[in-house]
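Undergrad: Okay, handing you the structure first.
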Amino acid sequence: MTAELTKSFSDEDVDSFARLSGDINPVHLDENYAKETIFGARIVHGALVSSIFSTIFANNLPGAGCIYLKSENKFLKPVYLNEPVRFKVEISEVIKEKKRVIFKTSAISKDVECIVGTAELYIPD
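Shown next, in the form of structure tokens:
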């Protein structure tokens, strides 16, 4: 069973996340600085990008009431501002006796994986 969501991140999204998280790395906020890096332009915070998995879990699969216990993400490629990203979660294991579900997670942009990982959720009665 899978669920997907496509989202892009605006300048306002990145600025808001920087304010909330305190991560003011100029590679996310300063276009002139970012142009001089290996990325060539501003990139979205990895933590902001990976937070969309929580959106899918809470709103789609498994849905309201689930508790996000653990995640492991590998960041393979940066996400740039206003770049559509397709997020996908797929059930890989159900542990009924512990009320746990393990998911494979991925974020894909321009047909290239940006993030791959796993997540573990608690599913209450």
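Taking the UniProt record's numbering, the leading residue of the sequence shown gets 1, the next gets one more, and so forth. Here a beta-carbon is modelled for each residue, glycine too, at the ideal position from N, C-alpha and C. Just so it is clear, the structure is predicted and the values come from calculations on it, not from any experiment.
1. Enumerate in chain order the residues of its own chain whose CB-to-CB distance from LEU5 is below 6 Å, with the five nearest sequence positions on each side excluded.
2. From what residue to what residue does the beta strand (DSSP E) around ILE102 run?
3. Of all the CB atoms in chain B, is at least one closer than 7 Å to the CB of LYS88?
4. For ALA34, which three-state DSSP category applies?
5. For residue 126 and VAL89, which I take to be in contact (beta-carbon distance under 8 Å), what is that distance rounded to the nearest angstrom?
6. Kindly indicate the opening and closing residues of the beta strand (DSSP E) around PHE87.
7. Which residue comes first and which comes last in the beta strand (DSSP E) that contains PHE75?
8. Please tell me whether residue 130 and VAL27 are closer than 7 Å, where the distance is taken between their beta carbons.
TA: In brief:
1. Here residue 5 corresponds to residue number 5 of the sequence shown, with the count starting at 1. Once the five neighbours on either side are set aside, the close Cβ partners of LEU5 are ILE56, PHE87.
2. One-based indexing of the sequence shown puts residue 102 at position 102. Element bounds for ILE102: 100-109.
3. Of the chains in the structure shown, none is chain B; there is only one protein chain.
4. Position 34 of the sequence shown, counted from the first residue, corresponds to residue 34. The answer is helix: DSSP assigns ALA34 an H, G or I state.
5. Here the chain comprises residues numbered 1 to 125, so residue 126 is not present and cannot be evaluated.
6. Along the sequence shown, one-based indexing puts residue 87 at 87. Here the beta strand (DSSP E) through PHE87 covers 85-95.
7. In the sequence shown, the residue the question calls residue 75 occupies position 75. Start and end: 67-75.
8. Residue numbering for the chain in the displayed model covers 1 to 125; residue 130 lies beyond these limits and cannot be assessed.
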